[in-house]
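These protein sequences, in sequence, are chains Z and U.
Using the numbering used here, read the first sequence as starting at 9 and increasing by one per residue.
Using the numbering used here, read the second sequence as starting at 9 and increasing by one per residue.
Quick notes on the structure that follows.
2 protein chains.
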Amino acid sequence: MDADLVGDVSEGELLRRVFAVLKGSSRALIGPGDDAAVLATPGGRVVATTDTLVHGPDFRLAWSSGYDLGYKAAAVNLSDVAAMGATPTALLVALAIPDDIPVPFVEELARGFRAGCDELAPGCAVEGGDLTVSRTLTVAVTALGVLEGDPVTRAGARAGDEVAVAGELGRAGRGLALLFERFRSPDGEPIPVDAASLSPEERLDLAAQLRPTPPVALGPVAARAGATAMMDVSDGLLLDAARLADASGVTLDLTADLSDLALTGGEDHALLATFGAGRVPEGFRVIGDAVERTAHPVTLRGAAPDRLGGWDPYRDWDAGTG
Amino acid sequence: MDADLVGDVSEGELLRRVFAVLKGSSRALIGPGDDAAVLATPGGRVVATTDTLVHGPDFRLAWSSGYDLGYKAAAVNLSDVAAMGATPTALLVALAIPDDIPVPFVEELARGFRAGCDELAPGCAVEGGDLTVSRTLTVAVTALGVLEGDPVTRAGARAGDEVAVAGELGRAGRGLALLFERFRSPDGEPIPVDAASLSPEERLDLAAQLRPTPPVALGPVAARAGATAMMDVSDGLLLDAARLADASGVTLDLTADLSDLALTGGEDHALLATFGAGRVPEGFRVIGDAVERTAHPVTLRGAAPDRLGGWDPYRDWDAGTG
Numbered sequence: 009m010d011a012d013l014v015g016d017v018s019e020g021e022l023l024r025r026v027f028a029v030l031k032g033s034s035r036a037l038i039g040p041g042d043d044a045a046v047l048a049t050p051g052g053r054v055v056a057t058t059d060t061l062v063h064g065p066d067f068r069l070a071w072s073s074g075y076d077l078g079y080k081a082a083a084v085n086l087s088d089v090a091a092m093g094a095t096p097t098a099l100l101v102a103l104a105i106p107d108d109i110p111v112p113f114v115e116e117l118a119r120g121f122r123a124g125c126d127e128l129a130p131g132c133a134v135e136g137g138d139l140t141v142s143r144t145l146t147v148a149v150t151a152l153g154v155l156e157g158d159p160v161t162r163a164g165a166r167a168g169d170e171v172a173v174a175g176e177l178g179r180a181g182r183g184l185a186l187l188f189e190r191f192r193s194p195d196g197e198p199i200p201v202d203a204a205s206l207s208p209e210e211r212l213d214l215a216a217q218l219r220p221t222p223p224v225a226l227g228p229v230a231a232r233a234g235a236t237a238m239m240d241v242s243d244g245l246l247l248d249a250a251r252l253a254d255a256s257g258v259t260l261d262l263t264a265d266l267s268d269l270a271l272t273g274g275e276d277h278a279l280l281a282t283f284g285a286g287r288v289p290e291g292f293r294v295i296g297d298a299v300e301r302t303a304h305p306v307t308l309r310g311a312a313p314d315r316l317g318g319w320d321p322y323r324d325w326d327a328g329t330g
Numbered sequence: 009m010d011a012d013l014v015g016d017v018s019e020g021e022l023l024r025r026v027f028a029v030l031k032g033s034s035r036a037l038i039g040p041g042d043d044a045a046v047l048a049t050p051g052g053r054v055v056a057t058t059d060t061l062v063h064g065p066d067f068r069l070a071w072s073s074g075y076d077l078g079y080k081a082a083a084v085n086l087s088d089v090a091a092m093g094a095t096p097t098a099l100l101v102a103l104a105i106p107d108d109i110p111v112p113f114v115e116e117l118a119r120g121f122r123a124g125c126d127e128l129a130p131g132c133a134v135e136g137g138d139l140t141v142s143r144t145l146t147v148a149v150t151a152l153g154v155l156e157g158d159p160v161t162r163a164g165a166r167a168g169d170e171v172a173v174a175g176e177l178g179r180a181g182r183g184l185a186l187l188f189e190r191f192r193s194p195d196g197e198p199i200p201v202d203a204a205s206l207s208p209e210e211r212l213d214l215a216a217q218l219r220p221t222p223p224v225a226l227g228p229v230a231a232r233a234g235a236t237a238m239m240d241v242s243d244g245l246l247l248d249a250a251r252l253a254d255a256s257g258v259t260l261d262l263t264a265d266l267s268d269l270a271l272t273g274g275e276d277h278a279l280l281a282t283f284g285a286g287r288v289p290e291g292f293r294v295i296g297d298a299v300e301r302t303a304h305p306v307t308l309r310g311a312a313p314d315r316l317g318g319w320d321p322y323r324d325w326d327a328g329t330g
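Below, the structure is given as structure tokens:
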């Protein structure tokens, strides 16, 4: 028997199926079901961020399951909250779904959101959302979080600080390259992944791309350790390090041995942070030093890199062929 | 000279143009530009809601300007915050934009967001966002707000309460009907509105549809007056009143003279609230009473309505012809 399509059931029925997956996970004062959620914000401040995954430039249904997509949409938003030094408490999920999507795909999406929250940010849950029809499957997520102390911005790094990262660099980029090289038809269309053809290392690369596990819990750890600046690395280490350097008015000199893909591969969702000398907490590894500002925001053992790299959706994605 | 298209400029340049429009409006502890915004939440709670407008089912570029679209996307979300009795403080805006959209359209969209906030919820501003490319223009908004007292849910109406509304009923529905009847080509495609052909009344109908002005400030007024239940009327009064009645376990008997369109027309973004007898504040008008629960959630002078009506995107919108 074929599964129901989204277009075959009412909005109310689709919501009932989604709520069945999310049931019991809400920690809000008022969770899903009213005009808005009401969340506790101890400390009188809330951290808020939004990030969207669009079918085409951001994911392909031939490559991502509903579970993968929900997990990734949760993960990339949780990572932005963590990068402020905050603990995520709630997601709001706005889904725009074509009516020929099978209903079980939407339930898997909800399962992915739930698993992403449970594994990466226990205590965080989907507390609100919106469902609408669209020609293009779009998952827009807002994540909210709370702070123990002051937020960690991109602007506080000082010359003399150590530069450190938590999380993997380059693996998600390798996973994307693998999809583009090995799982497209001769005319460039995505085709399903043949997992049996992958080495164990390649499976990890693919998982990093399709179902990333950013070190969300290490955001508040960094804040407690006195991180002077922090950000989520999502557009490639060099480009994002340059942004942190520019915001802080320093140069970041990277001294660790980093591959080209680690320097420029996108979607790492690692945490890049700076700490006073000797204050780097467990879970982070030192990759360089902040120094007085030079002509270049980022240097590699003192030398300017050839290019910063990085991903720009309007430059890099072609709706016709991408 | 033709305007730049979104696909002609970098993401950074597009963001610069949008920030130029929004500049100076942020009231956040940390506004746009970092991984996440940080907002003050006096009272230790935050109200959060999300609502998305998708090109096709929710708006048409032939009918809506960028300004209209930004204004409406702000308004419908501000209305949901108000319906909890809260005052909106921040919007997060996730835009998914085709690369053939002219850049000035995006700037007009930002102007519409700013005007919507300034006019409907002074003190509220766009404090964060996300920009991505898509085949389908999609505007996903999250609105946050703060409470003076307890939130007003849909669940607190009691038999004996008066039922009241603030804002217009039916006008937005008439505006939509006008667009469908008078501004489509013979094959059903939207065509630009000829404003000169409209009567003054029709212009108001159209404005209510394209650029709604929900009574956002009356949400906290209702809360202060002791509203026992409240909600945003967006799917038609009868259907939404039935939802409030079901949540509260009462029947709402509507006694006012209400047209068919006022009862079932969508997108009013009026506030429906219940108050103890004699406690209805200025700005609301009484339309009926809450009574002991009967077989029907809503009655019209004691009689069950033929149908509740209301809008379901998966049932009512056809991607091929809509």
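Using N, Cα and C, we set each Cβ at its ideal position, and we do this for glycine too.
Just so it is clear, the structure is predicted and the values come from calculations on it, not from any experiment.
Query	Result
Beta-carbon proximity check, Leu271(Z) vs Gly317(Z), cutoff 9 angstroms	yes
Ala56(U) to Glu170(U) span [Cα, whole Å]	28 angstroms
CB of Gly174(U) within 9 angstroms of CB of Phe292(U), strictly	Correcting the residue identity first, residue 174(U) is Ala in this sequence and not Gly. Yes. Within cutoff.
Any C-beta of chain U under 9 angstroms from that of Thr60(Z)	yes
Contact list for Pro50(Z) against chain U, beta-carbon separation under 9 angstroms	Gly52
In DSSP terms, what Pro198(U) is bridged to	Arg192(U)
Closer than 9 angstroms to chain U by CB, Asp10(Z)	no
CA-to-CA distance, Leu177(U) to Ala91(Z), given in whole angstroms	45 angstroms
Proximal residues to Leu218(Z) (C-beta, below 6 angstroms), its chain only, five neighbours per side dropped	Ser72, Asp76
Alpha-carbon to alpha-carbon, Asp16(Z) and Val224(Z)	38 angstroms
Short-range partners of chain Z found in the stretch 212-242 of chain U, where Cβ spacing is below 7 angstroms	Met239, Asp240
Local Cβ density within 10 Å of Glu115(U), reported as buried at 16 or more and exposed below that	buried
Short-range partners of chain U found in the stretch 287-306 of chain Z, where Cβ spacing is below 7 angstroms	none
Run of the beta strand (DSSP E) containing Leu139(U), from where it starts to where it stops	133-141
Endpoints, the beta strand (DSSP E) within which Glu300(U) is located	293-300
Helix, strand or coil at Gly330(U) according to DSSP, with G and I counted as helix	At Gly330(U) the pLDDT is 37, less than 50, meaning the model places this residue with poor confidence; the figure from the coordinates comes in the next sentence. Coil.
Residue-level contact to chain Z via CB, Gly74(U), 9 angstroms cutoff	no
For His63(U), the residue or residues it bridges with in DSSP	Phe67(U)
Enclosing alpha helix (DSSP H) for Ala172(Z) [first to last residue]	Run containing Ala172(Z): none in the alpha helix (DSSP H); it sits in the beta strand (DSSP E), 170-174.
Check whether Ser331(U) and Pro106(U) have beta carbons under 9 angstroms apart	Within the shown structure, residues of chain U are numbered from 9 to 330, placing residue 331(U) beyond reach of any answer.
Beta-carbon spacing of Asp138(Z), Ala102(Z) below 9 angstroms	yes
Inter-stretch contact at 8 angstroms, needing at least 3 Cβ pairs: the stretch 256-266 of chain Z / the stretch 206-221 of chain Z	no
Residues that Ala45(U) bridges to, as DSSP identifies them	Ala56(Z)
Cβ pair Val147(Z), Thr58(Z) closer than 9 angstroms	no
Neighbour list for Gly64(Z) in chain U, Cβ cutoff strictly below 9 angstroms	Val141, Ser142, Arg143
Rounded separation between Leu99(U) and Phe121(U) - CA only	9 angstroms
Cβ contact (3+ pairs, closer than 8 angstroms) linking the stretch 30-40 of chain U and the stretch 33-48 of chain Z	no
Buried versus exposed call for Asp326(Z) [16 or more other C-beta atoms within 10 Å across all chains shown]	Note on Asp326(Z): pLDDT 48, under 50, position unreliable in the model; no value is reported.
For Asp240(U), the residue or residues it bridges with in DSSP	Leu279(U)
Same chain only: Cβ atoms within 8 angstroms of Ser343(Z), ignoring 5 sequence neighbours per side	Lying before the first or after the last residue shown, residue 343(Z) is absent from chain Z, which here runs from 9 to 330.
Residues of the stretch 156-186 of chain Z with Cβ closer than 7 angstroms to any Cβ of chain U, in chain order	Pro159, Thr161, Arg162
Where the beta strand (DSSP E) through Ala102(Z) begins and ends	95-105
Chain U contact residues for Val89(Z), given Cβ-Cβ distances below 7 angstroms	Ala44
Chain-ordered chain Z contacts of Ile38(U) [CB-CB under 9 angstroms]	Val55, Met92, Pro159, Thr161
Below-9 angstroms beta-carbon distance, Asp254(Z) vs any chain U residue	no
Any C-beta of chain Z under 9 angstroms from that of Val114(U)	no
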